[in-house]
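Numbered continuously in this note's numbering, the sequence shown closes out at residue 189. Every residue gets a Cβ at the ideal spot worked out from N, C-alpha and C, and that includes glycine.
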Amino acid sequence: MSAKTSEQSVLMDRGGRWGDRIFRSIAVGSGALIIAAIALMGLFLLIRAIPSLRANEANFITSTEFNTTDPDNLRFGIAELFQVTVLSSVFALIIAVPIAVGIAAFLTNYAPRGLARPFAVLVDLLAAVPSIVFGLWGIFVLAPWLEPVSRFLNDNLGWFFLFADGNVSLSGGGTIFTAGIVLAVMIL
């Protein structure tokens, strides 16, 4: 009995059983390989972008110009693109977080089991839908449906960034308002 106990303690002192060590080695190796692959992709993209960034006559980070039609005077900046990305993401979080917390509280604390399980499955099914499907739904279904709402909000609250049309068309659905709603559905 004591020989078996001492054998087990020796195995545990060395880092566990052989199967555990093999699995740990494979898992660490796979993780390191994935990190190395992502780092190499980023390096490749950076190297390939250097000629374009050198040809850029505007500041890439702070400029709002975007003109690539004249090869001798390329000007492209991401300031507005970055701003729209941040604003639509913040708006989506403002919508999605209270709804998600409410759904979670309802399903875990208040809903009967017969109702909670089907609703939990429906919420889980949202994660199975590819993001391109949500994007296409937003452009072709949600945006035309929200056009009257967007026009009303733009006419009355156009001074607020969320409802301003800016340089995108309301009829095309290209507003932070529409993008925020689509992102909120994706977050749920």
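Taking the C-alpha atoms as reference points, what is the distance between residue i and residue j?
i	j	result
V91	P99	13 Å
V203	R18	Outside the shown range of the chain, which is 2 to 189, sits residue 203, and nothing can be said about it.
Q84	R25	43 Å
S151	A105	30 Å
F153	F164	9 Å
R55	I48	12 Å
L82	V130	26 Å
G32	G20	18 Å
T70	P52	17 Å
D73	R22	59 Å
A64	A101	Looking at the sequence provided, one finds Ser at residue 64 rather than Ala. Roughly 37 Å separates the two Cα atoms.
L41	I95	35 Å
G103	S132	23 Å
P149	N155	10 Å
Apart from the five residues just before and just after residue i, which ones in its own chain have a Cβ nearer than 6 Å to its Cβ?
i	result
A97	A185, I188 and L189
G159	A165
N68	R76
P145	none
Are the beta-carbon atoms belonging to residue i and residue j less than 7 Å from one another?
i	j	result
G181	A93	yes
V179	L147	Sequence check: residue 179 is Thr here, not Val. Against a cut-off of 7 Å, the Cβ pair of L147 and T179 comes out as a contact.
V183	G115	no
Which residues in the same chain have their Cβ closer than 8 Å to the Cβ of residue i, if we skip the five residues on either side of it in sequence?
i	result
I35	none
T109	A117
Can you give the beta carbon distance from residue i to residue j, rounded, assuming they're within the 8 Å contact cut?
i	j	result
L75	E58	6 Å
F135	L88	Rounded, the Cβ-Cβ distance is 19 Å, inconsistent with contact.
I79	F107	40 Å between Cβ atoms; not a contact.
F120	A112	7 Å
So, at 7 Å on beta carbons, what are the nonlocal neighbours of residue i in its own chain, with the 5 sequence-adjacent residues on each side left out?
i	result
Q27	The sequence shown places Ile at residue 27, rather than the Gln named in the question. So the list is empty, once near-sequence residues are dropped.
Enumerated in chain order, which unbroken segments of the alpha helix (DSSP H) with a length of 4 residues or greater are wholly contained in the segment 93-158?
114-129, 132-138 and 144-158
Please specify which runs of the alpha helix (DSSP H), each continuous and at least 4 residues long, are wholly inside the segment 7-90, giving them in chain order.
19-56
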